[in-house]
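These notes are about the structure you will find just below.
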Amino acid sequence: MRAAFVRRSALVASAASLALLVTACGGSSDDTDTKGKAEDTPKSASAEPEQSAVEALTAAELEKASLVAADLPKYQVKKADAADVLKAGAVTTDKPECLPLAEALFGVAQGKPAASTMNQVMQVPEAEPVDQSAGTSEEDLGKAIESLEDTLGSVKEMQSTMVGLFSYDGKGSADALAAVRESATACASGFTATAEGETQKFSEIAEGKAAGGDEAVSWSLLATQEGVKVPFELVAVRHAGTVATFSTFNLSGMSGEGVTKVEQPTEIVDAQVKKLS
0 MRAAFVRRSA
10 LVASAASLAL
20 LVTACGGSSD
30 DTDTKGKAED
40 TPKSASAEPE
50 QSAVEALTAA
60 ELEKASLVAA
70 DLPKYQVKKA
80 DAADVLKAGA
90 VTTDKPECLP
100 LAEALFGVAQ
110 GKPAASTMNQ
120 VMQVPEAEPV
130 DQSAGTSEED
140 LGKAIESLED
150 TLGSVKEMQS
160 TMVGLFSYDG
170 KGSADALAAV
180 RESATACASG
190 FTATAEGETQ
200 KFSEIAEGKA
210 AGGDEAVSWS
220 LLATQEGVKV
230 PFELVAVRHA
240 GTVATFSTFN
250 LSGMSGEGVT
260 KVEQPTEIVD
270 AQVKKLS
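Following numbering that gives the first Met the number 0, the numbering of the sequence shown begins with 0 at its first residue and continues without gaps.
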């Protein structure tokens with residue numbers, strides 16, 4: 000993922016942490032109930048609809064199907080900044096056959112979708128509630144500052160996921176996902192990708208398991224940039240004429256601490272598939 004985007008993600012995460020702490024200080028609480036995950040037993044990949052009859056979602060319909068904060072109460076959901084949405088041709092690879100996989104990682108559409116959206120979803124660190132009966136002595140203020148520092152310190156352990164939705168007519172969605180799958184198979188030995196002048200080498204590419212929609216697949220990848228290794232999880236799901244991609248990394252990648260664990264964003268995938276269903 001681009002270094003500039005990683006830095007912005009960390010800043011947004013810090014802001015989210017601060018907002019939570021301020022909320023705790025004010026004594027308010029979030030009583031919003033989780034809407035729940037998608038069905039435990041997703042549709043089989045073999046149960047494909049007649050793709051030739053599929054109509055693409057309009058831009059308005061796709062926006063309505065995009066995740067919002069109410070869908071994931073424990074996450075921060077925001078529309079991706081224009082600077083973080085790459086267009087076709089913005090990503091290049093040393094091996095032509097690896098381009099579809101690299102584009103999926105960077106949120107670039109396959110082919111020419113009728114409409115697309117891009118959201119950033121991040122885990123929100125929990126802030127310890129502040130004792131409302133506490134005074135304003137130097138000791139009390141010191142404890143409040145320490146709590147804030149602990150909360151902001153947890154930012155580096157947070158995952159950030161870019162969620163892309165791409166809507167196609169006919170067999171466009173099936174072809175788009177097939178292109179990514181074929182690219183991942185052909186490039187299992189690794190490849191180098193460049194986006195906006197920043198180059199990363201991807202290795203240790205392994206296909207995993209994913210569920211949801213009419214077809215779902217995932218991959219684990221290890222990226223190296225400027226000597227720092229950062230693992231990624233990529234999930235791609237097709238539901239009717241829409242392809243959803245989920246590119247996830249850990250914010251500790253910006254700190255130079257090296258390899259850290261990244262988990263598949265199951266809750267995010269389930270919530271998005273539910274809205275598309």
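All C-beta atoms in this analysis are idealised placements derived from N, C-alpha and C, irrespective of residue type, glycine included. As the structure is a prediction and not an experimental result, all values here were calculated from the model.
Under the rule that 16 or more other beta-carbon atoms within 10 Å means buried, what is residue i, buried or exposed?
i: GLN263; result: buried
i: GLY207; result: exposed
i: GLU266; result: buried
i: THR198; result: exposed
i: GLU194; result: The question names Glu, but residue 194 in the sequence shown is Ala. Flag for ALA194 reads buried.
i: ALA173; result: buried
i: GLY106; result: buried
i: LYS65; result: Going by the sequence as given, residue 65 is Ser instead of Lys. So SER65 ends up on the buried side.
i: ALA87; result: exposed
i: THR40; result: Residue confidence for THR40 is low, a pLDDT of 39 falling below 50, so the modelled location carries little weight and cannot support an answer.
i: ALA59; result: exposed
i: GLU225; result: exposed
Excluding five sequence neighbours on each side, which residues of the same chain lie with their C-beta closer than 8 Å to the C-beta of residue i?
i: LEU98; result: VAL90, THR91, THR92 and SER182
i: LYS260; result: PRO230 and ASN249
i: SER27; result: Any reading at SER27 must be qualified, since the residue scores a pLDDT of 40, below 50, and its modelled position is unreliable; the value itself is stated next. Taken in chain order, the list of residues that qualify is empty.
i: GLU62; result: THR116
i: SER158; result: Note on residue identity: the sequence assigns Gln, not Ser, to residue 158. Within the same chain, GLN158 has close Cβ partners MET121, GLN122, THR247, PHE248, ASN249, LEU250, VAL261, GLU262 and PRO264.
To which residues does DSSP link residue i through a beta bridge?
i: ALA89; result: Note: ALA89 sits in no beta bridge, so no partner.
i: THR198; result: THR193
i: PRO230; result: LEU221
i: GLN271; result: None, per the DSSP bridge assignment.
i: SER246; result: MET161 and LEU233
i: ALA210; result: Per DSSP, none; premise fails for ALA210.
i: ALA205; result: SER219
i: THR241; result: SER166 and HIS238
Using a Cβ-Cβ cut-off of 7 Å (strictly less than) and excluding sequence neighbours within five positions of residue i, which residues of its own chain qualify?
i: THR57; result: ALA114
i: VAL179; result: PRO99, LEU100, ALA103, GLN109 and ALA235
i: TRP218; result: ALA183, ILE204, ALA205, GLU206, GLY207 and LEU233
i: VAL67; result: VAL76
What are the boundary residues of the beta strand (DSSP E) that includes residue i?
i: ALA114; result: 114 to 122
i: THR57; result: Careful: THR57 lies outside any beta strand (DSSP E) and carries neither H nor E.
i: VAL162; result: 158 to 166
i: LYS77; result: 74 to 78
Quick one: residues in its chain with C-beta nearer than 6 Å to the C-beta of residue i, no 5 flanking neighbours on either side, listed in chain order?
i: GLY212; result: VAL236, ARG237, HIS238 and VAL272
i: ALA185; result: GLU96
i: GLU203; result: LEU221
i: LYS94; result: PHE190
i: SER276; result: none
i: PRO311; result: Here the chain has residues from 0 to 276 only, and residue 311 is not among them.
i: ALA69; result: none
i: LEU71; result: ALA270
i: THR160; result: VAL120, PHE245, THR247, PRO264 and ILE267
i: THR223; result: LYS200
i: ALA187; result: ILE204
i: ALA55; result: ALA113, SER166, TYR167, ASP168 and GLY240
i: LYS274; result: ALA64
i: LEU279; result: Outside the displayed range of the chain (0 to 276) lies residue 279, so it cannot be described from this structure.
Would you mind reading off the limits of the alpha helix (DSSP H) that contains residue i?
i: ALA101; result: 98 to 104
i: VAL179; result: 171 to 185
Requested in this report: Please confirm if the stretch 238 to 249 is in contact with the stretch 158 to 166, defined as three or more CB-CB distances below 8 Å between the two stretches.
Outcome: Short answer: they touch.
Requested in this report: Say whether the stretch 72 to 89 touches the stretch 204 to 219, bearing in mind that this needs 3 or more beta-carbon pairs closer than 8 Å, one atom from each stretch.
Outcome: Touching, no, given that fewer than three Cβ pairs across the two stretches are closer than 8 Å.
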